[in-house]
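Reviewing the structure listed below.
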Ligand code: HEM
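In the numbering used here, the protein residues as written are 148 to 235.
Following this line, the structure appears as structure tokens:
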């Protein structure tokens with residue numbers, strides 16, 4: 148399914164919560180961070196705190212300035228379903 152955009156449920160997102168299979172959501176977008184893991188300047192264990200879930204709050208608390216859309220451009224999986232962050 149390379150290159151295919153897939154809407155992701157919270158249930159599906161929660162399955163990808165380990166070092167070998169790591170997804171996270173930021174502002175309604177789900178990214179596969181498995182391959183980014185070893186390049187994360189904050190280390191593997193820090194990044195794992197945000198995997199398998201909506202990591203928006205955690206991400207912003209640590210480094211809201213980081214340009215994740217650019218860094219994770221090729222890691223985009225799809226939009227998170229039932230996303231609260233899109234609400235006005
Ligand atoms: C740095 C935690 C997600 C990119 C850091 C640092 C921590 C951290 C503690 C500081 C490391 C240090 O200065 O020694 C986390 C946590 C995450 C997370 C808990 C869970 C959501 C991400 C994601 C990306 C990312 C998704 C990129 C797409 C970076 C970058 C730095 C960094 C670029 C260096 C920032 C700088 O020095 O200005 N992270 N991170 N992080 N992280 Fe994360």
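All C-beta atoms in this analysis are idealised placements derived from N, C-alpha and C, irrespective of residue type, glycine included.
Buried or exposed: which applies to residue i, given that a residue is buried once 16 or more other Cβ atoms fall within 10 Å of its Cβ?
i: residue 163; result: buried
i: residue 199; result: buried
i: residue 173; result: buried
i: residue 212; result: exposed
Using DSSP's beta-bridge definition, name the partner residues of residue i.
i: residue 178; result: 171, 223
i: residue 155; result: 227
i: residue 201; result: 172
i: residue 165; result: 168
Just tell me which of the options has its CA closest to the CA of residue i.
i: residue 183; options: 229, 220, 211; result: 220
i: residue 165; options: 197, 223, 172; result: 197
i: residue 214; options: 201, 187, 193; result: 187
i: residue 201; options: 152, 181, 209, 170; result: 170
How big is the Cα-Cα spacing for residue i and residue j?
i: residue 168; j: residue 154; result: 17 Å
i: residue 224; j: residue 189; result: 22 Å
i: residue 229; j: residue 161; result: 14 Å
i: residue 206; j: residue 158; result: 20 Å
i: residue 195; j: residue 218; result: 17 Å
Is residue i close to ligand 3? I mean its beta-carbon at under 7 Å from any heavy atom of the ligand.
i: residue 211; result: For the structure depicted, ligand 3 is absent and the ligand set comprises only ligand 1.
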